[in-house]
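Take a look at the structure set out below.
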Amino acid sequence: MPTAVWQVRVRTKLDDLHQQLIGLAARDAATGARVAALRAQLSGVEAVLGRSGVVEWLRGGRLEYAWQTIHSVERAMVELRTPEELLGLLPAYQGAAAQFLKADDKVLTDFDATADANAPARFQAKVQALLLRYHSASDEFHESVRRLRNRMLGLSIFALVAEALMVLVQWRSRDVQLLKAPTDAGGVPAWRLLSFVLIAGALGAFISALPSMITSRSGGLPYKLPFQQGLLKLAIGPLVAVVGIMLVIGGLVETTVNSTAALLGVAIVFGAGQQAVTAFADRRASELLTPVTKD
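Counting in this note's numbering, the sequence shown runs from 1479 upward without gaps.
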């Protein structure tokens, strides 16, 4: 039983290909050996479906193997189809490929129904070339999205660890204070005040990120980019808040924090400013999730 969204899609695709292969074998007994070989190739994909660890989730090796095997079988099945079948399937192939290829790409447009029907071998080669280009672009796209997800996750973990270390060091060190306590918080331990500032920074990051997170789309991908973007913002916001308040206390920013409320308010403002830091990730995610089709 599939345990992840990508596995459900792979399982559905496998079932569809198995049904198509059964139909091809029933129509022409001479293709039985070739069909059996392709079905055996697909059985290797079924073996990788199931639970996987964190390392496998990050690397995506099973995901890549599954889809590249499926793509290889799809291209091989072109040789088993009649020209009439390929003409019927061609619009579907072109529609899928148009998501990743430019509209004027030759492999996408170099088809003529009359001429292709009279040259079956050449027609098959052109369809296989289209599928090969489409599959390569699709695999590269998914690899890019996975790399971006892993980078954002790594930065989020680094930021969270840095914040935990800051609180720990401030708790253990009584001589150095990262933040100067306001007059109405003189008796508050430095590490506790730092914790409140970090929480306020996270709140500011959450408020500023909420509109974009509500309207963001995953593009039907299994990598949950909107979630990773939100996690990155929540992790970076507290760090930005602490750095901003340090600048205020150091006199590099023309404002003052004379009360705890003012201190936390400034932390919220600086936490919301994480948008300037995480904008690169937002832009990259937007570029990847925007269709690449061009007129």
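C-beta: ideal position from N, C-alpha, C; glycine also.
#1: Can at least three beta-carbon pairs, one atom from the region 1581 to 1595 and one from the region 1616 to 1635, be found at a separation below 8 Å?
#2: Enumerate in chain order the residues of its own chain whose CB-to-CB distance from Val1708 is below 7 Å, with the five nearest sequence positions on each side excluded.
#3: Kindly indicate the opening and closing residues of the alpha helix (DSSP H) around Pro1704.
#4: Going by CA-CA distance only, name the one from Ala1581, Gln1497, Leu1564 that's closest to Thr1592.
#5: Considering only their Cβ atoms, is the gap separating Asp1493 from Gln1546 smaller than 8 Å?
#6: Only counting the same chain, and skipping five residues up and downstream in sequence, which positions put a Cβ closer than 7 Å to that of Val1654?
#7: Keeping to the same chain, check which residues put their C-beta closer than 6 Å to that of Lys1711; ignore five residues upstream and five downstream.
#8: Check each candidate in Tyr1701, Ala1750, Ser1530 and name the one with the smallest Cα separation from Val1720.
#9: Please report the Cβ distance between Ala1615 and Phe1674, rounded to the nearest whole angstrom; I am assuming they are in contact, meaning their Cβ atoms lie under 8 Å.
#10: Since Gln1497 is in the alpha helix (DSSP H), which residue starts that stretch and which ends it?
#11: Decide yes or no for the touch test of the region 1634 to 1654 against the region 1600 to 1610: beta carbon pairs closer than 8 Å, at least 3 of them.
#12: Among Leu1516, Leu1520, Thr1693, Trp1484, which one has its Cα closest to the Cα of Arg1529?
#13: Taking all protein chains shown into account, do 16 or more other C-beta atoms lie within 10 angstroms of the C-beta of Phe1748, making it buried, or fewer, making it exposed?
#14: How far does the alpha helix (DSSP H) with Arg1600 in it reach, from first residue to last?
#15: Alpha carbon to alpha carbon, how far is Thr1490 from His1549? Give it in angstroms, no decimals.
#16: Which of helix, strand or coil does DSSP assign to Ser1737?
#17: Skipping 5 residues on each side, what residues in its chain have a beta carbon closer than 6 Å to that of Val1605?
#18: Return the first residue and the last residue of the alpha helix (DSSP H) that Arg1540 is part of.
#19: When we look at the beta-carbon of Pro1689 and count the other beta-carbons within 10 Å, is it buried (16 or more) or exposed?
#20: Just to confirm, are Arg1517 and Leu1502 a CB contact at a threshold of 8 Å?
#21: Tell me whether the beta-carbon of Leu1741 lies closer than 8 Å to the beta-carbon of Ile1723.
#22: Going by other Cβ atoms of all chains shown within 10 Å of its Cβ, with 16 needed for buried, is Asp1582 buried or exposed?
#23: Mapping the DSSP letters down to three states, classify Trp1760 as helix, strand or coil.
#24: Straight-line CA distance for Trp1535 to Phe1705?
#25: Assuming Asp1662 and Thr1738 make a contact with CB atoms under 8 Å, what is their CB distance in whole Å?
#26: Could you check how far apart the C-beta atoms of Gly1679 and Val1647 are, in whole angstroms? I think they sit under 8 Å.
#27: To the nearest whole angstrom, what separates the beta carbons of Arg1540 and Val1526, a pair I think is in contact under 8 Å?
#28: Where do the ends of the alpha helix (DSSP H) carrying Pro1569 lie?
So, from the listed chains and residues:
#1: no
#2: For the sequence presented, residue 1708 should be read as Gly rather than Val. Excluding residues within five positions, the ones whose Cβ falls inside 7 Å are Ala1687, Met1691.
#3: 1703 to 1727
#4: Leu1564
#5: no
#6: none
#7: Ala1683, Ala1687, Gln1752, Thr1756
#8: Ala1750
#9: Not a contact, Cβ separation roughly 49 Å.
#10: 1483 to 1505
#11: no
#12: Trp1484
#13: buried
#14: 1598 to 1650
#15: 14 Å
#16: coil
#17: Val1556, Leu1564
#18: 1539 to 1555
#19: exposed
#20: no
#21: yes
#22: exposed
#23: Inspection of the sequence shows that residue 1760 is occupied by Asp rather than by Trp. Correct three-state label for Asp1760: helix.
#24: 15 Å
#25: 6 Å
#26: Not confirmed; about 17 Å, so no contact.
#27: 4 Å
#28: 1561 to 1575
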